[in-house]
Amino acid sequence: MMLMKRREFLKVSAASGAMASLYGCAGGNKAGGHVVVVGGGYGGATIAKYLRMWSEGSIQVTLIERNPTFISCPISNLVIGGTKTMEDITVSYDNLKSKWGVRIIQDDVIALDAAKRSVKLAKGGDLSYDRIVLSPGVDFMFDQIPGLNNAAAQEKILHAWKAGAQTVALRKQLEAMPDGGTFAVAIPKAPYRCPPGPYERACLVADYFKKNKPKSKVVILDANEDVQSKKGLFMKAWADLYKNNLEYRPNSEVKDVEVATNTAILEFDKFKADVLNIIPPHRAGNIASQSGIKLINNRWVDVNWLSMESTNTPGVHVLGDAVFPAPTMPKSGHMANQHGKLAAAAIINLLAGQEPNPTPVVMNTCYSFVDAKNVIHVSSIHQYDAATKLVQPVKGAGGVSAARNELEGKAAIGWAKNIWADMLA
Amino acid sequence: MKFLPSIITACLLAAASAAHAADPNLGRNLAATCANCHGTNGKAVPGAGMDSLAGESKAKLLQKLADFKSGDKPASIMHQISKGYSEEQLALIAEYFAAQK
Chain A
0 MMLMKRREFL
10 KVSAASGAMA
20 SLYGCAGGNK
30 AGGHVVVVGG
40 GYGGATIAKY
50 LRMWSEGSIQ
60 VTLIERNPTF
70 ISCPISNLVI
80 GGTKTMEDIT
90 VSYDNLKSKW
100 GVRIIQDDVI
110 ALDAAKRSVK
120 LAKGGDLSYD
130 RIVLSPGVDF
140 MFDQIPGLNN
150 AAAQEKILHA
160 WKAGAQTVAL
170 RKQLEAMPDG
180 GTFAVAIPKA
190 PYRCPPGPYE
200 RACLVADYFK
210 KNKPKSKVVI
220 LDANEDVQSK
230 KGLFMKAWAD
240 LYKNNLEYRP
250 NSEVKDVEVA
260 TNTAILEFDK
270 FKADVLNIIP
280 PHRAGNIASQ
290 SGIKLINNRW
300 VDVNWLSMES
310 TNTPGVHVLG
320 DAVFPAPTMP
330 KSGHMANQHG
340 KLAAAAIINL
350 LAGQEPNPTP
360 VVMNTCYSFV
370 DAKNVIHVSS
380 IHQYDAATKL
390 VQPVKGAGGV
400 SAARNELEGK
410 AAIGWAKNIW
420 ADMLA
Chain B
0 MKFLPSIITA
10 CLLAAASAAH
20 AADPNLGRNL
30 AATCANCHGT
40 NGKAVPGAGM
50 DSLAGESKAK
60 LLQKLADFKS
70 GDKPASIMHQ
80 ISKGYSEEQL
90 ALIAEYFAAQ
100 K
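Structure follows, in structure tokens:
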């Protein structure tokens, strides 16, 4: 019996790449093994690079990403506002390949078999792994807004909440809108991707209207009872800069939509806009929410905060917006990058047969433009707490800008250039 | 074949005791939380307006962080972020960046 157990242990160790530890457990971090990363956004691109860098090339990494280039959601509201272009927010995956030796497959993952440790690709073929990282972002729950639950409706009433073709299309709708028209952006109930993002978008469209379409108006239809991020700073910007062309309506959840007339149907009211931008409720990307991985509220993945590993599916790590957040943790690109580094360190330890770092830290910084130049930030630091098994916000640390300012407008662009390089250069 | 299990046992024991000790790569991991703005391993993108931290002396980095914490050095954001880390963590971070070439 004992012998059998030993044999089993050897088999399992080898399969999970722990064989490396047999040849020197103290040295560590020279683990072998193959890690598949699904999704090359802020989380996935970061972990692909950091696994290669920190393992000094000893871990093989395959990144599966459906898009040919990385397009950033942060800064994309400036494209919608008209002061940046798509080129400004697009970054190549070439360095991940040539400099870091990440194997990149442009494809979609359609199924995950966690027991067999393999994934099925849309274009055909299976890929096996020792550990897998899912960084799939979010998918929209269009069924919550019945009129929007078909392809034709989704082409007309945009979310533009994933940067790419919809970013360009929403900009075109705003340019085509005659002066005197109304742009409405509808925000789902929290939690949703990028808490300050919709308010930033409203500001930047209002700024564009002020300068180019002075008779036009912005309306925010917020399903929440109040502004979800940087409240005082946004409200001051609205009062100071957009008193005459921006209106905020809390408790205004979109229940349905009349596509032909661009009308949002609220609980007790209707709202017709010339450009209607609905951000539907969303949940963990399909591959994470439909593979039997434990979810919370049927929407977000429950993870172990020491490793970002699923609490019920061994070998599957999940990053970024797809995760059920720890207390006060936003769904942001910056945070997804931090998740990627936490998980990279943990996976390297685990593949070498070692425990993950028992004291991980993640932090967030988020800049929002309130006009083309002025920016406000929110920051937070989250330290692992063994008692609650969560990363908890550090009291007395973090916070928001004292006031909107142009210096942070420069910092926001500096942030973008550095985080894109941290992921992809 | 016979010696393998004993090595495994030794490794398991090491791992068990390590669970309560600091991760040997703690400094690296903590410094990586700064890289989003200050560049991978503290090498900021040139011309993007963020301070490079790689190769700065440990003493200078720690003094800067202490001044941010106390409010002696005015900042837009670092006065808030520096307060999120313990003195021991800041020392590890400064040591890591100082060692980068």
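The listed protein sequences correspond, in order, to chains A and B.
The opening position of the first sequence corresponds to residue 0 in numbering that gives the first Met the number 0, with each subsequent residue numbered one higher.
The opening position of the second sequence corresponds to residue 0 in numbering that gives the first Met the number 0, with each subsequent residue numbered one higher.
Here a beta-carbon is modelled for each residue, glycine too, at the ideal position from N, C-alpha and C.
Only a predicted model underlies this, so the values are computations on that prediction, with no experimental measurement involved.
DSSP places residue 392 of chain A in the uninterrupted beta strand (DSSP E) bounded by 389 to 392. Cβ-Cβ distances below 8 Å link residue 405 of chain A to 372, 373 and 374 in the same chain, with the five nearest sequence neighbours on each side left out; the list follows chain order. One Cα belongs to residue 38 of chain A, the other to residue 136 of chain A, and the distance between them is close to 8 Å. Checking the DSSP bridge columns, you'll see residue 110 of chain A partnered with A/119.
Close CB contacts of residue 414 of chain A within its chain, under the 7 Å cut and outside five residues either way in sequence, are with 364 and 366 (chain order).
Residues of the segment 321 to 337 of chain A with a C-beta atom less than 8 Å from some C-beta of chain B are 333, 336 and 337, listed in chain order. A distance below 6 Å between beta-carbons, with the five flanking residues on each side excluded, links residue 67 of chain B to the following residues of its chain, in chain order: 74, 77, 78 and 81. For residue 350 of chain A, the enclosing alpha helix (DSSP H) begins and ends at 332 to 350.
Between the alpha carbons of residue 40 of chain A and residue 239 of chain A lies a distance of about 35 Å. Taking C-beta separations shorter than 8 Å and ignoring five residues to either side along the sequence, the partners of residue 313 of chain A in its chain run 113, following chain order.
Considering only A/119, A/74, A/335 and A/80, the residue with the shortest C-alpha distance to residue 411 of chain A is A/74.
Only residues of its own chain outside the window of five on either side were considered, and among them 137, 160, 281, 320 and 330 have a CB closer than 7 Å to the CB of residue 192 of chain A, listed in chain order.
Cα atoms of residue 249 of chain A and residue 41 of chain B: separation of roughly 42 Å, rounded to the nearest angstrom.
Not a single C-beta of chain A is nearer than 9 Å to the C-beta of residue 69 of chain B. By the Cβ neighbour-count rule, residue 174 of chain A is exposed, with fewer than 16 other Cβ atoms within 10 Å of its own. Residue 100 of chain B has a beta carbon lying at 9 Å or more from every beta carbon in chain A. By the Cβ-count criterion, residue 267 of chain A is exposed, with fewer than 16 other Cβ atoms from all chains shown falling within 10 Å of its own Cβ.
Apart from sequence neighbours up to five positions away, the residues of its chain that approach residue 96 of chain B with a beta-carbon distance below 7 Å are 30, 41, 52, 53, 55 and 60, ordered along the chain. Counting C-beta pairs with one atom in each stretch, the segment 228 to 247 of chain A and the segment 120 to 139 of chain A have fewer than three that are closer than 8 Å, which means they do not touch.
By the neighbour-count definition (other C-beta atoms within 10 Å, threshold 16), residue 395 of chain A is an exposed residue.
In this chain, the beta strand (DSSP E) harbouring residue 263 of chain A covers 262 to 264. Contact annotation for residue 25 of chain B against chain A: 356 and 358 [CB-CB distance below 8 Å, chain order].
A straight-line Cα-Cα distance of about 29 Å links residue 182 of chain A and residue 401 of chain A. Within 8 Å of the CB of residue 364 of chain A, the CB atoms of chain B belong to 35, 36, 76 and 80, in sequence order along the chain. If you ignore the 5 residues before and after residue 308 of chain A, its C-beta comes within less than 6 Å of the C-beta of 316, all in its own chain and listed in chain order. The beta carbon of residue 91 of chain B lies closer than 7 Å to those of 25, 26 and 29 in the same chain, with the five residues before and after it left out. Approximately 6 Å separates the beta-carbon atoms of residue 79 of chain A and residue 200 of chain A; this is inside 8 Å, confirming the contact.
Between residue 300 of chain A and residue 283 of chain A a beta carbon distance of about 5 Å is seen, short of the 8 Å cut, so the two are scored as contacting. Not flagged as an interface residue toward chain A: residue 66 of chain B, since no C-beta distance is shorter than 9 Å. Sequence-distant partners of residue 216 of chain A (beyond 5 residues in either direction) whose C-beta falls short of 6 Å from its own C-beta, in its chain, are 181 and 244.
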